[in-house]
Structure formats: C-alpha cells, structure tokens
Amino acid sequence: MGQKTPLFDAHVASGAKMVDFGGWDMPLHYGSQLEEHHAVREAAGMFDVSHMTVVDIVGRDARAFLRHLLANDVARLRAPGTALYSCMLNAHGGIIDDLIVYFLHDGRYRLVVNAATRQQDLDWVNRQADGYSVEISERPELAMIAVQGPLARERTAALFDDDTRAAALGLRPFGACEAGELFIARTGYSGEDGFEIVLPAVDAPGWWQRLEGQGVRPCGLGARDSLRLEAGMNLYGTDMNRDTSPLESGLGWTVAWEPAERNFVGRQALEAQRDGAPLRRFVGLLLEGRGVLRNHLRVVCAGRADGEITSGGFSPTLKRSIAMARLPAGDYDRAQVEIRGKLLDVRLVRPPFVRHGKICIDL
C-alpha cells in the first residue's frame, strides 16, 4: 500500500480504480477515462493533486537564492501573486525537476514540485541553500485540488464568499491570491483554464464534495495524462530527466539568459549546448494511419540516427494517435515509427495539439 492523500476515501467511495503513482495510491479513473477527458475539454473536471509537494521559501535571501537555483528568473515576478514555470537543473544542465514558483510577497515564495521527485528535490534545494539566509519548509499539512475546464473558474467561484470570488475571478493566468486558508492559483496541467487550490488537508474532502455538487466531475490520472499530452506539456521522468536539458526538451523558453551575470545552476553547461553542435529536436508526432503511438517506440528518420517517442497515446479530442518525441537534429518533417515490426508514417508537428478546446494543428 502506498501513501494516501486526504481524498483517498472519497475516491474509493466513488468507485475509482486506484493505482500506484510515485508511491501514492491515486485514482486512474472513475469508470471512463474518455468521459473524464471530454468533461475537462467541454465543461469542468477536478483532480486530486495532493501528492504534489508544496515548499515555502522564506527569508531575506529568498529572491537571490531562487535566482541561483532556477533556470528561469524570479526577478521577473515583480508583483505579489504572480508565478512562473521553471526547471531546476544540475551542474550538467540536466533537469532535476520542473516546477511552478509563486511570489507571495517580499521574502516569501512558494514552490510546487512533483511527487515522484519529492525527496531528491528537497535534498537538492537544501544543499543549494548553503550560504543563503532562507528557511525551507515542506507543507505536508496541505492538500491540493485542480479544477480545470472552460467552466472551471465559474463553477468553483460559486463556492467562494464575495471578496474571494472577486479576487479569484480577477486573476490573470499564472496569477494567485490568498484568501484565509485558501491559496488559489490560475494554473493547471490540462491545456484548459481553471484553478489549482491549496488548502488545509482536513478541509479537502468537504471542498471535493461541494465542487462535485457544482457539476465539477472527478477525474483521474488517465485523463490528466491524455489532456497534458494533447496540450504538449512535458511529464517529468518521461519527456525529461536528469540526462536531458531544457534545450532538448522543448523548454528553451523557460531559460532566462538575461541578465548575463546571473549565474544559475547549470548555466555554463546550457551555454555550451546552445553554442555547440545542433541539438536533438523535441517535436510532436501525428500518426498518418491507424495504430497507437506508445512511449519508447523507435522513430526512424531517413538518413539519420533513430529517435524515440517519449510520450504517446490516443488523443480523444483529435481521434488520432499523437506523441512527443526526441529526434536527431536536422530539417525534416516526416518520419516513421516502428510498431510491431511495421514502419508507419508520422508527420512532425509543433505542440500543442489542443489548447483551450481548440485544435492547434492541421489534421
């Protein structure tokens, strides 16, 4: 048996199929992954993401420390209640984890990092903090619910008091606010609008029940994965890891090169990659015929070395098989994937495949 979130009993009571995910017992689906996927694309669905790790960074050196720790630059966050996405790198430019960092107020930031990398992240952050006046606090007493979809904000806000509703609905994307014991962020991992709500663990079951009463459908890991794949969002450990850099993972946009004097961890290695030989490509694939693209399938690129699918599956929105893959450098837009001994044609596309309910590629 794995670790359990505060919503474990609610999942079981709703008939969820439970699976192990990074050492946590989590719902895969509640009967139909396909229906849950469409619920998020068309209306509103909610995910228990309480297995994610919330870490608060507090102290007079918090800003300077995070500017050293992260490849993106928290100096870009000038107003309290703003956030950015970043990778945390090792000295070789490999990705230790990807995360969101929130600027709460001077000297106080919040990180939300992945569940499967919790201990390595905490160990790394604490080691890098040597010499900085900061306090690093994991917040295991908190839970987290992600409400996603075109109607997610409206249905969630109906449960807030007037002041909280106004503040939450006034948030810009990657904005956040605190309302009593609630921390509400306009972020997500589905390619749709919505909120991620951090709240006391003891209150999570009540909020889950009230959200369901507002027509927000419980969704599991299966739909979460197909949604993020359609949205072209990387999954740590699958599309990136300690041996791949942001520059070869489609995440070059998360690296803040300026100012040049900011010496973040992994900068020298990234600069050498950027200025050296052409990098491997990280692209989307669309299967031209029938079949299903799966993780780790071989991608044959004519006249070049082979590539590999990092994430693949069936897209419920496109009704086609899609994938993300790491391929050899070069200028080409076609390849083949080996499936059960046969080479099937794929077209290279630029993710996302679907965002905010709209198809983003030519079919």
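All residue numbers for the sequence shown refer to my numbering, where the first residue is 1 and numbers rise by one. Virtual Cβ for every residue (Gly too), placed ideally from N, Cα, C.
Exercise. Residues bridged to residue 310 by DSSP?
Worked result: Taking the first residue of the sequence shown as 1, we reach residue 310 at position 310. Residue 310 is not bridged to any residue.
For this session: List the endpoints of the continuous alpha helix (DSSP H) containing residue 65.
Result: In the sequence shown, the residue the question calls residue 65 occupies position 65. Residue 65 -> alpha helix (DSSP H) spans 62-69.
Problem set entry | Integer Cβ distance of residue 100 from residue 116, believed to fall under 8 Å | Counting from 1 along the sequence shown, the entry for residue 100 is found at position 100. Counting from 1 along the sequence shown, the entry for residue 116 is found at position 116. 16 Å between Cβ atoms; not a contact.
Exercise. Who are the Cβ neighbours of residue 165 in its own chain at under 7 Å, not counting the five residues just before and after it?
Worked result: If you number the sequence shown from 1, residue 165 lands on position 165. Around residue 165: 157.
For this session: Work out the CA separation of residue 97 and residue 246 for me, nearest whole Å.
Result: The residue you call residue 246 lines up with position 246 of the sequence shown. The residue you call residue 97 lines up with position 97 of the sequence shown. Straight-line Cα distance between these residues: approximately 11 Å.
Problem set entry | Contact the region 53-65 vs the region 126-143: 3+ CB pairs below 8 Å | Touching, per the Cβ criterion.
Exercise. Curious, which full-length alpha helix (DSSP H) runs of at least 4 residues does the region 192-216 contain?
Worked result: 204-213
Problem set entry | Buried or exposed (CB count within 10 angstroms, at least 16 for buried), residue 253 | The residue given as residue 253 occupies position 253 in the sequence shown. Result: exposed.
For this session: Could you give the DSSP three-state label for residue 335: helix, strand or coil?
Result: As a working note, residue 335 is residue 335 in the sequence shown. It is a strand residue.
For this session: Kindly indicate which residue of 192, 191, 208 has the alpha-carbon position closest to the one of residue 198.
Result: Along the sequence shown, read from residue 1 onward, the residue named residue 198 stands at position 198. Cα-wise, what sits closest to residue 198 is 208.
For this session: Starting from residue 226, follow the alpha helix (DSSP H) in both directions and report where the run begins and ends.
Result: In the sequence shown, counting from the first residue as 1, residue 226 sits at position 226. Run containing residue 226: 221-230, per the alpha helix (DSSP H) assignment.
Problem set entry | Proximity winner among 14, 81, 91, relative to residue 243 (alpha-carbon distances) | Translated into positions along the sequence shown, residue 243 becomes position 243. Taking only the C-alpha atoms, the option nearest residue 243 is 91.
For this session: Reducing DSSP to helix, strand and coil, say where residue 218 ends up.
Result: Counted from its first residue, the sequence shown places residue 218 at position 218. Three-state result, residue 218: strand.
Exercise. Start and end of the beta strand (DSSP E) containing residue 98?
Worked result: Indexing the sequence shown from 1 puts residue 98 at position 98. Here the beta strand (DSSP E) through residue 98 covers 95-105.
Exercise. Where does residue 246 fall in DSSP's three states?
Worked result: Taking the sequence shown and counting its residues from 1, the one referred to as residue 246 is at position 246. Helix, per DSSP.
For this session: Express the C-alpha separation of residue 234 and residue 11 in angstroms, rounding to a whole number.
Result: Counted from its first residue, the sequence shown places residue 11 at position 11. Counted from its first residue, the sequence shown places residue 234 at position 234. Cα to Cα, residue 11 sits roughly 26 Å from residue 234.
Problem set entry | Rounded separation between residue 340 and residue 94 - CA only | Counting from one through the sequence shown, the residue named residue 340 turns up at place 340. Counting from one through the sequence shown, the residue named residue 94 turns up at place 94. Taken atom to atom, the span from the alpha-carbon of residue 340 to that of residue 94 is near 32 Å.
For this session: Would you kindly work out how many angstroms separate the C-alpha atoms of residue 31 and residue 277, rounded to a whole number?
Result: As a working mapping, residue 31 is identified with position 31 in the sequence shown. As a working mapping, residue 277 is identified with position 277 in the sequence shown. If you take the alpha carbons of residue 31 and residue 277, they lie about 48 Å apart.
Exercise. Quick one, which of 317, 352, 107 has its alpha-carbon nearest residue 63's?
Worked result: Position 63 of the sequence shown holds residue 63. Closest option to residue 63, Cα to Cα, is 107.
Exercise. In the structure shown, what three-state DSSP assignment does residue 253 receive?
Worked result: On the sequence shown, residue 253 is found 253 positions in, with the first residue counted as 1. Three-state DSSP puts residue 253 in a helix.
Exercise. Cα separation between residue 78 and residue 102?
Worked result: Position 78 of the sequence shown, counting from 1, holds the residue named residue 78. Position 102 of the sequence shown, counting from 1, holds the residue named residue 102. Using only the alpha carbons, I get a separation of about 11 Å.
Exercise. If you draw a straight line from the alpha carbon of residue 6 to that of residue 50, how long is it in whole angstroms?
Worked result: Within the sequence shown, numbered from 1, the residue matching residue 6 stands at position 6. Within the sequence shown, numbered from 1, the residue matching residue 50 stands at position 50. Cα to Cα, the separation comes out at about 8 Å.
Problem set entry | Own chain partners of residue 128 with C-beta closer than 6 Å, once the 5 adjacent residues on each side are dropped | What you label residue 128 is simply residue 128 of the sequence shown in a count that begins at 1. Apart from sequence neighbours up to five positions away, the residues of its chain that approach residue 128 with a beta-carbon distance below 6 Å are 69, ordered along the chain.
Exercise. What does residue 353 pair with, by DSSP beta-bridge criteria?
Worked result: By one-based count along the sequence shown, residue 353 stands at place 353. Paired residues: none, contrary to the question.
Exercise. So what's residue 286 in DSSP terms, helix, strand or just coil?
Worked result: As a first step, residue 286 must be located in the sequence shown, where it is residue number 286. Strand.
Exercise. Would you call the region 345-352 and the region 210-224 in contact, with 3 or more CB pairs under 8 Å?
Worked result: no
For this session: Within the same chain, show all residues whose beta-carbon is closer than 6 Å to that of residue 146, passing over the 5 residues directly before and after it, in chain order.
Result: Position 146 of the sequence shown holds residue 146. The answer, listed in chain order, is 47, 49, 188, 196.
Exercise. Using the beta-carbon count (16 or more within 10 Å), is residue 204 buried or exposed?
Worked result: Locating residue 204 in the sequence shown gives position 204, counting from the first residue. Classification of residue 204: buried, given that the 10 Å Cβ count is 16 or more.
For this session: Leaving out five residues on either side along the sequence, give the residues of the same chain with a beta carbon under 7 Å from the beta carbon of residue 311.
Result: Stepping through the sequence shown from its first residue, residue 311 is reached at position 311. Excluding sequence neighbours, residue 311 sits near 229, 235, 238, 239, 295, 323, 324.
Exercise. What number of angstroms, rounded off, separates the C-alpha of residue 360 from the C-alpha of residue 142?
Worked result: On the sequence shown, position 360 is the one that residue 360 refers to. On the sequence shown, position 142 is the one that residue 142 refers to. Cα to Cα, residue 360 sits roughly 36 Å from residue 142.
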